[in-house]
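Asker: For reference, each letter of the sequence shown is one residue, going 0 to 210 in numbering that gives the first Met the number 0. Note that beta-carbon positions come from the ideal geometry of N, C-alpha and C, so glycine has one too. Here it is, the structure in full.
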Amino acid sequence: MLRLEIYQETAHFRIPTIGMPYLSYPLPPPSTVYGFLRFITDYKSINFENTKLSIQGSYKGVSFEKEQLILETKKELKTNIISIQKLHQCKWIIHIESPYEKDIATAIHSSSKVLRLGRREDLIIDINVKEVEEKEFDKDIHDYDKNTKIYTNLSKGNTINGSLFKMALDTVVNDKKEIIGYKSVNLIYTSVRQLSKTCKTFDGEYLIEWI
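This is the structure:
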């Protein structure tokens, strides 16, 4: 199992069902993470069927800023000024269980690519990868940062409080590797402190909640 620790100065993960302003999911969506893993490994078949994710993290601020959006049609280029929500000073903790763990770790250590998570302009400033072991969580001895949030899957029957998001788990492709749709998932965005009452696993430092 791998643990990625990612730092971004800014991030935006657009909620596609909301128009103006463009709002962001508070954590990277699973589809964004899967896309990132495929990108850095030269598009190996990393997907929701063979790779498990646990996504948590925090950010220190939010702003709404005006940006110019350029839309290319068959006839012309259209421009529009939009208001967009940005997350600032973001730290994401992503656990990965996959047959491609060695490829992922090698790619992060040696890739010459410019690494981004989300939009093209949202660069990864720092990324660390570590091989860790899944352990049984001892609820009596751990106290987690109240600002750290985590996704948990609604289908597991969780009764904890939090914000519910329906988002893309991953893309669905055909035999020609063309995107033909998205597999959706219902995730609860909640605090790690709250999840610690029911969570069963961690890596010695961070809780693990598989999506």
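In its own chain, which residues sit with a C-beta less than 6 angstroms from the C-beta of C89, not counting the 5 before and 5 after it?
Answerer: As a position in the sequence shown, residue 89 is number 90, starting the count at 1. Cβ neighbours of C89 beyond the five flanking positions: Q7, A10, Y58.
Asker: Can you tell me whether K148 is buried or exposed, with buried defined as 16 or more other CB within 10 angstroms of its CB?
Answerer: As a first step, residue 148 must be located in the sequence shown, where it is residue number 149. Its Cβ being crowded by 16 or more others within 10 Å, K148 is buried.
Asker: Counting only the same chain and skipping the five closest in sequence on each side, list residues whose C-beta sits under 8 angstroms from that of T78.
Answerer: Within the sequence shown, residue 78 is the residue found at index 79, counting from 1. If we look at T78 and ignore the five residues flanking it on each side, its Cβ neighbours are Q67, L68, I69, L70.
Asker: Within the present structure, is the beta-carbon of K182 separated from the nearest heavy atom of the ligand COA by less than 7 angstroms?
Answerer: In the structure on display, the ligand COA does not appear, and there are no ligands present to speak of.
Asker: With which residues is M166 paired in a DSSP beta bridge?
Answerer: As a working mapping, residue 166 is identified with position 167 in the sequence shown. Partner(s): V184.
Asker: Could you say which of I95, I80, F136 lies nearest to E204 if we only look at CA atoms?
Answerer: As a working note, residue 204 is residue 205 in the sequence shown. Measuring from the Cα of E204, the nearest candidate turns out to be F136.
Asker: Taking buried to mean at least 16 other C-beta atoms within 10 Å of its own C-beta, is S23 buried or exposed?
Answerer: Here residue 23 refers to the residue found at position 24 of the sequence shown. Buried, by the Cβ-count rule.
Asker: Closer than 7 angstroms by C-beta to N49: which residues in its own chain qualify, once you throw out the five before and the five after it? Chain order, please.
Answerer: As a working note, residue 49 is residue 50 in the sequence shown. Closer than 7 angstroms at the Cβ level, and outside the excluded window around N49, lie S97, P98.
Asker: Under 8 angstroms, do F143 and R192 count as touching if we go by C-beta distance?
Answerer: Position 144 of the sequence shown, counting from 1, holds the residue named residue 143. Position 193 of the sequence shown, counting from 1, holds the residue named residue 192. Looking at the sequence shown, residue 143 is not Phe but Tyr. Cβ distance < 8 angstroms, so Y143 and R192 count as in contact.
Asker: Among the candidates Y33, L3, R37, I83, whose CA atom is the shortest distance from the CA of G18?
Answerer: If you number the sequence shown from 1, residue 18 lands on position 19. G18 has its Cα closest to that of I83, out of Y33, L3, R37, I83.
Asker: Cutting at 6 angstroms between CB atoms, please list the residues of its own chain near K51, excluding the five before and the five after it.
Answerer: In the sequence shown, counting from the first residue as 1, residue 51 sits at position 52. Hits under 6 angstroms: E96, W209.
Asker: Helix, strand or coil: how does DSSP classify E208 here?
Answerer: The sequence position of residue 208 within the sequence shown is 209, counting from 1. In this structure, E208 counts as coil in the three-state DSSP scheme.
Asker: Is it true that the CB of I207 sits closer than 8 angstroms to the CB of E133?
Answerer: By one-based count along the sequence shown, residue 133 stands at place 134. By one-based count along the sequence shown, residue 207 stands at place 208. Going by C-beta atoms, E133 is nearer than 8 angstroms to I207.
Asker: Any idea which residues DSSP pairs H94 with across the strands?
Answerer: As a working note, residue 94 is residue 95 in the sequence shown. Per DSSP, R2, S53.
Asker: Could you have a look at K77 and say whether DSSP puts it in helix, strand or coil?
Answerer: As a first step, residue 77 is located in the sequence shown; it is residue number 78 there, counting from the start. Reduced to three states, the DSSP call for K77 is strand.
Asker: Is the number of C-beta pairs between the segment 105-116 and the segment 159-174 that are closer than 8 angstroms three or more?
Answerer: Three or more Cβ pairs closer than 8 angstroms define a contact, and the segment 105-116 falls short of that threshold against the segment 159-174.
Asker: Just the C-alpha distance for K199 and K138, rounded to the nearest angstrom, thanks.
Answerer: The count along the sequence shown starts at 1 and reaches residue 199 at position 200. The count along the sequence shown starts at 1 and reaches residue 138 at position 139. If you draw a straight line from the Cα of K199 to the Cα of K138, it comes to about 9 angstroms.
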